[in-house]
Each structure stands twice: as C-alpha cells, then as structure tokens.
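Those letters in the sequence shown? Residues 1 to 313, per UniProt numbering, in order.
Read the structure below first, then the notes.
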Amino acid sequence: MSEEHRETGTGWPEPAEPHRPAGPAGEPDPRPDAPDPDELSPLAPAEPEPVEQEGVPSPAEEPGATATESETATEAAPARVSRRLTSAGAMIAVLLALLGFTLVVQLKTTSADPTLAATREEDLVRISSDLDSRERRLRQDIEALEESQRQLRSGEQGRQAALEEATRRADELGILAGTLPAVGPGLSVRFAGPDKAISAARILDAVQELRGAGAEAMQIAGSDGTAVRIIASTYFVDGPGGGLVVDGRRLSGPYVISVIGDPPTLRTALNIPGGVVASVEEDGGNVTPEDSEAVEVSQLHAPIKLEHARPVS
1 MSEEHRETGT GWPEPAEPHR PAGPAGEPDP RPDAPDPDEL SPLAPAEPEP VEQEGVPSPA
61 EEPGATATES ETATEAAPAR VSRRLTSAGA MIAVLLALLG FTLVVQLKTT SADPTLAATR
121 EEDLVRISSD LDSRERRLRQ DIEALEESQR QLRSGEQGRQ AALEEATRRA DELGILAGTL
181 PAVGPGLSVR FAGPDKAISA ARILDAVQEL RGAGAEAMQI AGSDGTAVRI IASTYFVDGP
241 GGGLVVDGRR LSGPYVISVI GDPPTLRTAL NIPGGVVASV EEDGGNVTPE DSEAVEVSQL
301 HAPIKLEHAR PVS
C-alpha cells in the first residue's frame with residue numbers, strides 16, 4: 001500500500017514491515033525515516049463497515065417468526081382489542097346512565113326545594129323531627145275523627161230516642177196550645193140553669209178549678225153543638241140577651257165542658273165546699289159531671305201569632 005493510502009486511513013491491510021526496535025519510552029524514534037508522531041496521532045483506525053451477505057437476515061428482520069405466524073397474530077390482535085372495547089363501552093354506558101339518573105333526581109330535588117341544598121345537617125335533623133311531630137298530630141286527629149264517627153254510629157239508637165222525645169214534647173205543646181186534637185180519660189161536665197147561674201164568671205171559675213186539678217185539654221160546646229177549644233188565652237163574656245161569647249164565638253146554654261185529666265181529681269176540684277158546684281146550685285142551676293175513659297177534645301184553635309214575646313236565647 002502506498003503512503004497516501006496509509007495516511008487516509010481507508011482500512012486496507014498494510015504490508016508487514018520488518019521489526020524495528022523502538023526507542024526508549026518517551027523518546028522519538030531515532031530512525032531517520034520514522035514518521036512524525038504528531039502526524040500519526042490524530043489518525044485513528046476506522047471501524048470496518050458491515051458487509052451484507054446474501055441469505056443472512058438483517059437484525060431488523062430477526063423476530064424469529066415466520067410470515068404465517070405474523071399474519072395470524074396481526075388478525076387476532078384487532079379481535080381482542082374489539083372485544084375489550086365492546087365490554088368497556090357497555091360498562092361506560094351503564095355508568096353514564098346511572099350518572100344521568102342521579103343528576104336528574106338531584107336536579108328535581110333541588111328544584112322542588114332549593115333551600116335544602118344549602119341547609120345544614122342540624123337544620124335538616126330539626127326539619128325531619130318537625131315533620132315527624134306533625135305526622136303524629138295528624139294521626140291523632142284522624143283517630144279522634146274516627147272515634148267520633150264510631151260514637152255517632154253507635155249512638156244511632158240514642159238519637160232515635162231523642163227524636164222520639166222531641167216529637168212527644170211537640171205533641172204535648174200542641175195539645176196545650178190547642179193546635180192538636182186529644183183523647184183520653186176525663187170528665188164531661190154539663191152546666192144547666194138560668195143565665196145568672198151559668199154566667200161567664202161561673203164558667204170561668206169552673207175552668208180555673210179544672211186547670212188547677214190537672215186538666216190537660218178542654219173544650220166547651222153550646223146547645224147547638226158549636227164548640228170552642230179552651231186554651232190559656234181563651235176569654236169568656238156574657239152575651240147580650242143571654243148566652244156566652246167565648247173567644248168571639250156566641251154559645252147558648254146549656255153548656256158541656258169536655259176535660260181530659262184524672263177523673264177523681266177533677267171531680268174533687270169541682271165539689272170543694274164553696275166551689276163551682278155550690279155556687280151554681282145556690283143560684284138555681286146544677287152541675288153534672290160524668291166520668292169517661294175516652295173523652296175527645298177535637299176542636300182546634302188557630303195558632304197564635306206572638307207580637308211581643310220572643311224566646312230567650
């Protein structure tokens with residue numbers, strides 16, 4: 001090799017040179033044709049370039065797998081990835097659905113009562129306690145109403161009895177007021193004699209004594225059958241030319257008073273010494289009481305319209 005090739009460092013093999021003894025360490029070669037060390041030091045031997053040989057695979061092509069195995073692995077990988085993506089997508093969809101449902105419920109709750117979102121835990125506990133107390137009070141009210149309903153249903157017979165009592169009382173008042181007919185045991189008292197003996201005053205005395213003896217209903221009838229119901233407001237006046245005027249109606253004697261009450265008591269009241277019977281007989285008249293088990297007082301009096309009296313409330 002020429003000196004030019006040796007200096008360029010192309011890596012070609014150099015011919016063997018005869019052994020030359022080197023000088024002492026650190027001293028320059030004493031030979032006259034020795035190369036300058038300064039010229040040789042910067043030149044480093046070049047690394048040999050890799051030589052490609054036919055039939056030898058390169059390092060990049062050395063995975064150790066055949067073409068068929070590589071294609072099979074390539075086809076299987078997308079399938080596994082696809083299955084993983086499908087399962088992951090389903091899980092993600094479920095989680096998103098749950099998250100959406102939770103958000104909707106929270107939004108509805110917040111929109112229904114926005115103050116609860118900013119309420120403290122202590123306040124929430126107090127609100128819950130108040131709601132429980134209100135529920136208990138409402139349940140107590142419901143129980144009280146149900147108990148009242150049961151009492152009303154069980155008191156049906158009591159209400160019926162009260163209604164019957166009110167009806168009975170109304171009937172009694174109607175009989176006393178003369179607006180209802182009546183029948184019962186009592187007396188039929190006949191007054192006969194001259195007008196002086198059976199005057200309006202004597203007839204009024206007889207009515208008063210019968211009331212005092214417990215008479216419950218009375219009426220007076222004249223000889224022609226005209227009858228007048230006797231009530232608390234009935235008045236008696238001697239008629240012009242004889243007879244009586246009772247509540248504005250004219251009656252002629254003899255007169256018959258029909259009275260309902262206890263017969264013995266009524267008879268005793270008429271026969272007291274110096275009473276009605278004695279006074280009538282003294283003036284030439286007579287009084288004839290007759291007991292009866294069914295005295296009818298059928299004549300009615302028109303209801304009285306009160307102008308001044310009012311019930312006390």
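Note that the Cβ used here is the ideal one computed from N, Cα and C, for glycine as well.
Fair warning: this is a prediction, and the values are worked out from it, not measured in the lab.
Best match in the options for proximity to residue i [C-alpha to C-alpha]
i, options, result
"residue 195", "241, 207, 148 and 265", "241"
"residue 252", "128, 237, 90 and 97", "237"
"residue 296", "268, 303 and 259", "259"
"residue 188", "257, 309 and 305", "257"
"residue 174", "278, 285, 216 and 208", "216"
"residue 267", "284, 292, 285 and 306", "292"
"residue 284", "129, 143, 192 and 163", "192"
"residue 326", "136, 304 and 96", "The question about residue 326 has no answer here: the residues shown for the chain are numbered 1 through 313."
"residue 287", "199, 245 and 225", "199"
"residue 203", "245, 90 and 290", "245"
For residue j and residue i, believed in contact at Cβ under 8 Å, the rounded distance
i, j, result
"residue 186", "residue 275", "Not a contact, Cβ separation roughly 18 Å."
"residue 280", "residue 197", "5 Å"
"residue 178", "residue 231", "4 Å"
"residue 235", "residue 247", "6 Å"
Nearest-angstrom Cα separation, counted from residue j out to residue i
i, j, result
"residue 298", "residue 228", "10 Å"
"residue 166", "residue 160", "10 Å"
"residue 243", "residue 312", "41 Å"
"residue 211", "residue 182", "16 Å"
"residue 219", "residue 301", "10 Å"
"residue 124", "residue 93", "35 Å"
"residue 148", "residue 132", "25 Å"
"residue 264", "residue 223", "26 Å"
"residue 151", "residue 103", "52 Å"
"residue 97", "residue 120", "30 Å"
"residue 101", "residue 90", "17 Å"
"residue 163", "residue 225", "38 Å"
"residue 190", "residue 201", "16 Å"
"residue 239", "residue 249", "10 Å"
"residue 290", "residue 307", "40 Å"
"residue 126", "residue 144", "27 Å"
"residue 135", "residue 99", "34 Å"
"residue 169", "residue 130", "53 Å"
"residue 138", "residue 128", "15 Å"
"residue 278", "residue 176", "29 Å"
"residue 122", "residue 146", "36 Å"
"residue 272", "residue 153", "56 Å"
Contacting residues, own chain, Cβ-Cβ under 7 Å from residue i (five flanking each side not counted)
i, result
"residue 282", "none"
"residue 209", "269, 270, 275 and 276"
"residue 171", "180"
Short CB-CB distance (under 9 Å) between residue i and chain C
i, result
"residue 204", "As a matter of chain content, chain C is missing from the structure shown, which is built from one protein chain."
Cβ-heavy atom distance, residue i to the ligand ZN, below 8 Å
i, result
"residue 249", "In the structure shown, the ligand ZN is absent, as is every other ligand, since no ligand is present at all."
Beta-carbon proximity list for residue i, same chain, < 6 Å, skipping 5 on both sides
i, result
"residue 206", "276"
"residue 140", "none"
"residue 10", "For residue 10, the predicted structure reports a pLDDT of 47, less than 50, and the residue's modelled location is therefore unreliable. The matter cannot be settled from this model."
"residue 309", "none"
"residue 221", "227 and 256"
"residue 95", "none"
Own chain partners of residue i with C-beta closer than 8 Å, once the 5 adjacent residues on each side are dropped
i, result
"residue 294", "183, 184 and 185"
"residue 142", "none"
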